[in-house]
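Notes follow the structure.
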Amino acid sequence: DVKVTQSSRYLVKRTGEKVFLECVQDMDHENMFWYRQDPGLGLRLIYFSYDVKMKEKGDIPEGYSVSREKKERFSLILESASTNQTSMYLCASETARGDEQYFGPGTRLTVT
Amino acid sequence: SQQGEEDPQALSIQEGENATMNCSYKTSINNLQWYRQNSGRGLVHLILIRSNEREKHSGRLRVTLDTSKKSSSLLITASRAADTASYFCATVSGTYKYIFGTGTRLKVLA
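Heads up: the sequence lines are chains C and S, in that order. When you line the first sequence up against my numbering, it's residues 1 to 112, in that order. When you line the second sequence up against my numbering, it's residues 1001 to 1110, in that order.
Dropping the structure here:
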C-alpha cells in the first residue's frame, strides 16, 4: 500500500512563528503536492514538485515556501505564520504518469 | 480558482438508496477523477474517467462524463452507512494541473 505520512495531525502555533510541515511518501513517486483545505473553498494547491529540488507555484503560494531535498520528502514552510493560515493542510503524491493522487491524513494547523 | 463545482453541496439519504452527485467544470480536461474524504482525513481516490470515455464502473460506483456539457456525475448504488463522507471531483488538464471542487457531503442514514 502506498503510504503518505505527515509529521503532525494537529499543530498550534503563534503568529509570526516559522512553521514546518513535513510529508513523506514511501512509493518512490515523482510528484508531490501541498494543498490547503478550507470550508466552502475545497482544496487549493499551494505548491507542487515534480522532481528533487524542483518546485512550481500553485494557486496560492503567497506566505509559503517548500523544500524537496530528497525524493520521498516534501516540506511546506510558513515563513511567518499568520491567523489566515489556520487551515487543514494536505500533502499528496503521485507517479509521473499522474493518474491518481495519494493523500496523507492531513495536518490541522491553528495559528493564534 | 475552483473549476469543479459539485452539486448538491449536501445530500442525505437512507441506506440502500442510490446517491447521485454532479460536477461541472469550465475548461478542457485530460481526465476527471472522484475522491472520497472521511471526516478530518485525507482524500482517497475512487475512480478516473478519461476525456474520451463516457461512462465507467467500479463496484457500486458509476461515473459518467459529458465533455460537451463539461459535467460529470457520480452514482453510488445501494448506499451504506460507511459511504457517509465528502466526495470531490478533480479535473486534470495539462501536466500537474489538478483542480478540486468544493465537494458534496453525503450522509447515509441507517
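Positions of the beta carbon are idealized from the N, C-alpha and C atoms, including for glycine. Here the structure is a predicted model, which is why all the values come from computation and not from measurement.
Distance check for residue j and residue i, CA to CA, integer angstroms please.
i: Cys91 (chain C); j: Tyr1087 (chain S); result: 18 Å
i: Val1044 (chain S); j: Ser80 (chain C); result: 31 Å
i: Ala1082 (chain S); j: Leu1048 (chain S); result: 21 Å
i: Val12 (chain C); j: Gly98 (chain C); result: 33 Å
i: Gln1002 (chain S); j: Arg1080 (chain S); result: Low per-residue confidence applies at Gln1002 (chain S): pLDDT is 38, beneath 50, and the placement is therefore not dependable, though the value from the model is reported in the following sentence. Answer to the nearest angstrom: the Cα atoms are 30 Å apart.
i: Asp1007 (chain S); j: Tyr1096 (chain S); result: 25 Å
i: Ala1010 (chain S); j: Thr1027 (chain S); result: 25 Å
What are the start and end residues of the beta strand (DSSP E) that includes residue i?
i: Asp51 (chain C); result: 42 to 51
i: Asp59 (chain C); result: Element bounds for Asp59 (chain C): n/a, residue is neither H nor E.
i: Ala1081 (chain S); result: Careful: Ala1081 (chain S) lies outside any beta strand (DSSP E) and carries neither H nor E.
i: Asp1007 (chain S); result: 1005 to 1007
i: Lys1069 (chain S); result: Here Lys1069 (chain S) belongs to no beta strand (DSSP E), and DSSP marks it neither H nor E.
i: Ser67 (chain C); result: 64 to 70
i: Thr112 (chain C); result: That residue, Thr112 (chain C), is in no beta strand (DSSP E); it is neither H nor E in DSSP.
For residue i, name the three-state secondary structure that DSSP assigns.
i: Thr83 (chain C); result: helix
i: Met1021 (chain S); result: strand
i: Ser1028 (chain S); result: coil
i: Ser1001 (chain S); result: Residue placement at Ser1001 (chain S) is flagged as unreliable, the pLDDT there being 33, under the threshold of 50; the coordinate-derived value follows with that caveat. Coil at Ser1001 (chain S), not helix or strand.
i: Thr15 (chain C); result: coil
Which partner residues of residue i appear in the DSSP bridge assignment?
i: Ile1013 (chain S); result: S:Val1108
i: Gln101 (chain C); result: DSSP lists no partner for Gln101 (chain C).
i: Ser93 (chain C); result: C:Met32, C:Tyr102
i: Ser1093 (chain S); result: S:Lys1097
Below 9 Å between beta carbons: does that hold for residue i and residue j?
i: Ile1187 (chain S); j: Ser1093 (chain S); result: With chain S covering only 1001 through 1110, there is no way to say anything about residue 1187 (chain S).
i: Thr15 (chain C); j: Gly104 (chain C); result: no
i: Gly106 (chain C); j: Arg1041 (chain S); result: yes
i: Arg1050 (chain S); j: Asp1066 (chain S); result: no
i: Ser67 (chain C); j: Ile77 (chain C); result: yes
Just to confirm, does residue i get its C-beta within under 8 Å of one of the non-hydrogen atoms of the ligand SAH?
i: Leu45 (chain C); result: With respect to the ligand SAH, the structure offers nothing, as it holds no ligand at all.
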